[in-house]
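Numbering (UniProt numbering), first residue to last: 1 to 331.
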């Protein structure tokens, strides 16, 4: 049975994926056709962030607490990162659609079961099973039965999401998340990732321009959230998200518990999701290098973002570390 014992050729490809090889994979291994019958209007929540290190991990976990029966696809485009498909908009769109329609390939299903990067966030039910039981789970059926399907995306562009709003069998909603690029890029640099301000801010600007158009055409399908606003008033922002997604006024108990345990206490580690949120969102100001700050603020695309978010420029690291100079323009 291919679900439980993939062919050796696929096993080689999976090994390539998890060891960051540069070999191109056949995108057909990861894309499938849509099923003949859909679930009855499932809610598809796309959590989209233009930049890594912008708070999307904690938001993804929060979204999962809002529906205990949800499934969560954590950065699924990660599996395409060394393939031609990632740079092919049509291919990427088909791949994303195959995920929220639960028609993804057996190759991707295998990864959900066997790769912790994808498996741990996917479903509390799956996490609690032992390995033998996990192999027997029908991941597609688990997806199809989920009333809410959450997908966290960083590598996709917002403009490419519009077609999903017009799919008749799915209620697709996007939570679009941004963070001050100086904070994100300072953290990205710490991890040794590509932090080129011109490229990175250009991608965010492109997404913001797309957001401006989408919010006019689909006001009930897309919501903008700024990480800094969330850190200053987590409960209020999460209430807005919950109302946008589910129409309810009162947050579930498990969501409130998550806020209490993750947003008011600090746990060591750059990847930790437990932060003292009111102090965390501008910690970058204390340690950003002057050269990086001026490089970011010197890029027109980055200055556009900083201004659009309602934040001040600092000019140098001396001003950045001076908390008498507020981050926000309207204070």
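We put the CB at the ideal spot given by N, CA and C, even for glycine.
{"Check": "Use the C-beta contact count for residue 169: other C-beta atoms within 10 angstroms, 16 or more gives buried, fewer gives exposed.", "Outcome": "exposed"}
{"Check": "Report the residue from 60, 115, 97, 197 whose alpha carbon sits nearest the alpha carbon of residue 79.", "Outcome": "115"}
{"Check": "Look at the alpha carbon of residue 339 and the alpha carbon of residue 321, and state the distance between them as a whole number of angstroms.", "Outcome": "Missing from the structure shown is residue 339; the chain here goes from 1 to 331 and no further."}
{"Check": "How about the region 196–205 and the region 214–232: do they share at least three Cβ pairs that are nearer than 8 Å?", "Outcome": "no"}
{"Check": "Any idea what DSSP makes of residue 56, helix, strand or coil?", "Outcome": "helix"}
{"Check": "Checking 8 Å against the spacing of the C-beta atoms, do residue 44 and residue 100 come in under that value?", "Outcome": "yes"}
{"Check": "Which of the three DSSP states is assigned to residue 182 in this structure?", "Outcome": "helix"}
{"Check": "Pick from 303, 125, 181: whose alpha carbon is nearest that of residue 288?", "Outcome": "181"}
{"Check": "Judging by CA-CA distance, which residue of 96, 133, 128 is the nearest neighbour of residue 161?", "Outcome": "96"}
{"Check": "Take residue 52 as the anchor and find which of 166, 195, 147, 83 has the nearest alpha-carbon.", "Outcome": "195"}
{"Check": "Enumerated in chain order, which unbroken segments of the beta strand (DSSP E) with a length of 3 residues or greater are wholly contained in the region 101–161?", "Outcome": "148–153"}
{"Check": "Could you tell me if residue 175 is buried or exposed, where buried requires 16 or more neighbouring beta carbons within 10 angstroms of its beta carbon?", "Outcome": "buried"}
{"Check": "Could you check whether residue 122 and residue 72 sit closer than 8 Å to each other, using their CB atoms as the reference points?", "Outcome": "yes"}
{"Check": "Pop quiz: residue 237 and residue 230 are said to be a contact at Cβ under 8 Å. What is the actual Cβ separation, rounded to whole angstroms?", "Outcome": "4 Å"}
{"Check": "Among 301, 319, 310, 251, which has the Cα closest to the Cα of residue 200?", "Outcome": "301"}
{"Check": "My parser needs the alpha helix (DSSP H) runs of 4 or more residues fully inside the region 217–266; what are they?", "Outcome": "227–232, 234–246, 253–262"}
{"Check": "Excluding the 5 residues flanking residue 56 on each side, which residues of the same chain have their C-beta closer than 7 Å to its C-beta?", "Outcome": "47, 49, 152, 154, 177"}
{"Check": "Looking at C-alpha atoms only, which residue of 327, 298, 297 is the closest neighbour of residue 283?", "Outcome": "327"}
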